[in-house]
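At position 464 of the sequence shown (counting the first as 1) the number is 666 in the working numbering, and the numbers step up by one without a gap.
Notes follow once the structure below has been shown.
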Amino acid sequence: MAATLTLHRFFRLSACSALSAALLFIPAHAAPVRDDPLRAWVAGDDPATLTRWVDARLAAAKQSLDKLKAVKGPRTVANTLQPFDDAQNQLTLASNQAYVLFAVGGTAALRDKAQDLGQKIAGEQTAVMLDPAVYRALAALPLPDKDAATTQYLRRTLLQYRLAGVDKDDATREKVRALQDQLTALSLTFARNVQDGVLTVTASRAELAGLPDDYIARHKPDAEGRYTLNTDEPDASPVFDFASDAGLRQRMFLAYTNRAYPANKPVLLDILAKRQELAGLLGYPSYADYGTADMMAGNAAYVRKLFADVDAASRETKQKEFDQLLAFAKSKQPGLTEITQADGRYWVEQYRRERYAFDAQSVRPYFPYEQVETGILATAGRIFNVSFVPVKQAKTWHPSVHVFEVIGHGKKLGRIYLDMHPREGKDKWFSAAPLVPGKGQAQLPEGMLICNFSGGVAGDPGLMQYDEVVTYFHEFGHLMHHILGSQHHWSGQGGFNVEGDFVEAPSQMLEAFFESHEVLAPFARHYQSGEVIPQKVVDNMNAASAFGRGRWAQGQLFYAGYSFDLHDRPTSQVDLDALLRKNREQFSPYRPVEGDHMYASFTHLNGYASNYYTYILDKVIAIDFFARFNHDHPLTGDATQRYIKAVIEPGATKPAATLVSDFLGRPTNMDAFKDWLGAQFKEQGKQ
């Protein structure tokens with residue numbers, strides 16, 4: 203399972219910004235807003251109330267922009283950048299809140315209204331980014347001599363304006379505006395089709411063989427003895443890992459990869475066509491080139507070289523792993539000649555059980571959901587030197603949401619919301635999202651997790667797989683980056699505002715902490731006996747997890763290559779199914795399953811567009827980072843505090859490449875990544 207920062211990117215065309223007096227301004231003609239100006243959901247789930255709340259934010263943004271445009275005389279940071287930041291803050295609050303209620307709102311009517319408002323807000327953001335008067339005002343500002351953070355903010359904002367097309371003629375800007383509005387509407391439709399696209403699969407009791415007892419107990423048979431499973435993660439993922447019936451695995455695979463098909467196929471093609479048209483209007487040969495212009499990568503050529511380097515580093519390892527896996531599968535199932543895409547995870551799990559004495563089911567009792575949540579908070583508290591205080595009376599959008607104040611150095615640093623279990627109409631993936639930008643003590647940052655783990659139901663302990671625990675910590679890392687990295691004057695320089703292809707690096711680095719028994723032991727206790735997870739189990743778990751690193755890297759190349767292929771050519775040359783087969787055959791060792799249309803629910807195509815390569819680039823950086831830590835005792839030594847100071851706390855006040863070199867003392871390279879890929883075979887050679 204991969205982390206993602208999804209649709210909220212879509213509502214934001216530029217950096218977040220700061221709170222000012224304008225935040226509380228509501229024009230006389232507007233209906234009164236009887237709620238919290240930072241939290242749209244506080245006043246309830248009435249769509250009309252949400253509309254009034256959003257309109258108040260938009261009105262406040264307009265007031266700040268009018269103030270900026272009315273300046274007479276020399277432009278200064280105070281009279282130009284500050285009101286710009288105030289306006290952006292209002293737009294960001296509106297977009298963040300519309301996103302959260304689109305993704306997790308309690309009623310279809312509220313989600314519908316949030317979807318409509320998201321499109322409206324995006325249109326307002328586009329208008330601001332295409333306003334030549336605002337751009338000229340910002341461009342007239344002299345760069346501050348002794349304020350590096352403000353200089354970085356201004357330079358990057360001006361780049362984003364040029365990428366938006368502000369320097370084009372009137373006719374071109376109008377075309378860009380229309381395309382952006384259309385793209386917003388299409389991408390919201392794409393996301394909603396996935397969000398609502400739950401399919402079901404039925405199975406007999408015999409076909410559930412291999413699945414955990416608590417999983418089966420959660421599902422009640424009908425009068426004919428048939429069990430109904432759905433494509434939400436808590437139902438689908440165990441089938442792929444544990445179900446011994448190949449027919450059930452294939453039915454679930456096809457249901458899962460087709461849950462928004464065929465509805466999203468024409469939507470996606472329309473998105474791709476409009477993205478390519480937009481790139482051409484703005485002077486780029488393809489959207490892949492346009493999409494990297496404000497990234498660490500800088501251009502599409504860099505990304506293609508990254509693909510080649512990672513492919514060269516991982517292809518041999520992938521093949522060795524697959525040869526071992528196929529030989530094992532043949533030994534267990536005589537007559538087997540190949541492993542399909544639907545069966546890969548099952549056979550990996552079986553191989554790990556026998557080769558490494560590690561059974562993913564056997565460790566689930568050590569990870570009941572509530573215990574894991576407590577452990578995640580405690581571990582993050584130790585790493586980041588903060589504490590988490592429950593906010594019992596906090597108003598939330600759903601009763602299951604847990605809310606905590608983040609306390610550090612004797613003061614409040616922000617607030618987090620954990621929405622962790624599936625329900626009807628809720629977003630189906632695992633993601634982190636900002637709610638409130640931060641601006642020092644004037645406006646504390648707030649963020650949320652949207653996840654779909656088991657649990658949250660009376661009588662269900664929510665036993666989690668180890669990789670789900672790692673996913674939880676990964677997503678939590680995004681929250682800590684947001685909270686700790688958003689304590690700056692300009693709220694547009696928070697943790698979520700770093701270059702998009704660096705945003706996953708800090709969280710991917712944190713995943714490695716959970717390979718340490720020292721880190722797991724305080725909370726990984728058997729939910730019935732209280733036994734601490736044994737060191738030997740963790741050792742076997744780590745050895746088993748190391749098997750498949752080459753396949754993982756090649757799998758990331760599949761997703762990244764497919765995303766890039768869709769965006770680096772004219773849409774007339776895009777055949778979604780043919781390109782899917784091409785990338786499957788190039789990077790996956792498994793035989794494709796006929797009828798797979800995973801692109802229809804590949805939500806990263808919304809959030810990352812052509813830039814899914816972020817995950818593999820950031821994994822290279824993350825492993826390079828973790829090489830500076832004590833792998834057995836990652837909480838010891840000075841690496842953690844140096845890392846927080848160099849990478850996390852600066853947020854986006856520096857270019858991401860500078861954050862990397864500040865911690866490493868050099869630019870990142872592939873050396874640690876290559877060692878990581880080959881570690882399993884080095885260990886085998888010693889045995």
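Backbone N, C-alpha and C define an ideal beta-carbon position, used for all residues, glycine too.
| Item | Value |
| --- | --- |
| Considering Leu410, what are the terminal residues of the alpha helix (DSSP H) in which it resides? | First-last for Leu410: undefined, no H or E at that position. |
| Going by DSSP, which residues form a beta bridge with Lys348? | In DSSP, Lys348 forms no bridge with anything. |
| To the nearest angstrom, report how far apart Leu866 and Phe828 are at their CA atoms. | 10 angstroms |
| With a threshold of 6 angstroms on Cβ separation, who are the neighbours of Ala490 within its own chain once the five nearest residues in sequence on each side are excluded? | Ala502, Phe766, His769, Asp770 and Ser812 |
| With a cut-off of 8 angstroms on the beta carbons, I'd call Phe444 and Gln563 a contact; round off their distance for me. | 6 angstroms |
| Spell out whether any CB of chain B is found under 7 angstroms from the CB atom of Met872. | Here chain B cannot be found, since the structure has a single protein chain. |
| Output the boundary residues of the alpha helix (DSSP H) element that contains Ser742. | Rather than Ser, the amino acid found at residue 742 in this sequence is Asn. That run of the alpha helix (DSSP H) goes Gln737 to Ala748. |
| Counting beta carbon pairs with one atom in the stretch 705 to 722 and one in the stretch 674 to 694, are three or more of them shorter than 8 angstroms? | yes |
| Work out the CA separation of Leu819 and Leu508 for me, nearest whole Å. | 7 angstroms |
| Where does Lys613 fall in DSSP's three states? | strand |
| Going by DSSP, what residue range makes up the beta strand (DSSP E) through Asn154? | Because the chain in this structure spans residues 203 to 889, residue 154 falls outside the shown range and cannot be described. |
| Could you check the C-alpha separation between Asp877 and Lys522 for me, to the nearest Å? | 16 angstroms |
| With distances taken Cα to Cα, identify the nearest neighbour of Ala258 among Asp248, Tyr504, Ala242 and Gly246. | Ala242 |
| Answer with buried or exposed for Gln758, where buried requires no fewer than 16 other C-beta atoms within 10 angstroms of its C-beta. | buried |
| Since I believe Val565 is in contact with Val739 (beta carbons under 8 angstroms), could you give me their beta-carbon distance rounded to a whole number of angstroms? | 6 angstroms |
| Using the rule of at least 16 other Cβ atoms within 10 Å of the residue's Cβ for burial, across every protein chain shown, is Gly664 buried or exposed? | buried |
| With DSSP run on the structure shown, which of helix, strand or coil describes Gly162? | With the chain running from 203 to 889 in the structure shown, residue 162 is simply not present. |
| Inspect the beta-carbon positions of Ser589 and Gly658 and report whether they are closer than 7 angstroms. | no |
| If the criterion is Cβ atoms closer than 7 angstroms, does the pair Leu270 and Ala339 meet it? | yes |
| Kindly indicate which residue of Leu240, Asn395 and Thr352 has the alpha-carbon position closest to the one of Gln299. | Leu240 |
| When we look at the beta-carbon of Ala310 and count the other beta-carbons within 10 Å, is it buried (16 or more) or exposed? | exposed |
| Could you give the C-beta distance for Ala499 and Ser488, rounded to a whole number, given that I count them as a contact under 8 angstroms? | Actually they are not in contact, since the Cβ atoms of Ala499 and Ser488 sit about 14 angstroms apart, beyond 8 angstroms. |
| So, at 7 angstroms on beta carbons, what are the nonlocal neighbours of Ala342 in its own chain, with the 5 sequence-adjacent residues on each side left out? | Arg277 |
| Given this structure, state the Cα-to-Cα distance separating Glu479 from Leu471, to the nearest angstrom. | 12 angstroms |
| Can you give me the C-alpha to C-alpha distance between Ile850 and Pro567, rounded to a whole angstrom? | 33 angstroms |
| From the DSSP output, which residues share a beta bridge with Phe865? | Phe865 is not bridged to any residue. |
| What does a CB cutoff of less than 8 angstroms around Gln354 pick up in its chain, not counting 5 residues either side in sequence? | Gln695, Ala854, Thr855, Lys856 and Pro857 |
| Please return the same chain residues whose Cβ sits closer than 6 angstroms to the Cβ of Tyr458, not counting the five positions on each side in sequence. | Thr433 and Ala438 |
| Does DSSP classify Leu665 as helix, strand or coil? | strand |
| Write down the C-beta distance between Asp963 and Gly307 rounded to the nearest angstrom, noting that I regard them as a contact closer than 8 angstroms. | Shown here, the chain extends from 203 to 889; a query on residue 963 therefore has no answer. |
| Asn832: buried (16+ other C-beta within 10 angstroms of its C-beta) or exposed? | exposed |
| Quick one: what does DSSP say Pro436 is sitting in, helix, strand or coil? | helix |
| Rounded to whole angstroms, what's the CA-CA distance from Gly546 to Ala745? Just pull it up for me. | 18 angstroms |
| Specify the secondary structure class of Thr855 as computed by DSSP and reduced to three states. | coil |
| Sorted by chain position, which residues of the same chain lie with C-beta nearer than 7 angstroms to Gly880's C-beta, five sequence neighbours on each side aside? | Thr519 |
| Going by beta carbon distance, what residues of the same chain come within less than 6 angstroms of Asn460, once the five residues before and after it are set aside? | His799 |
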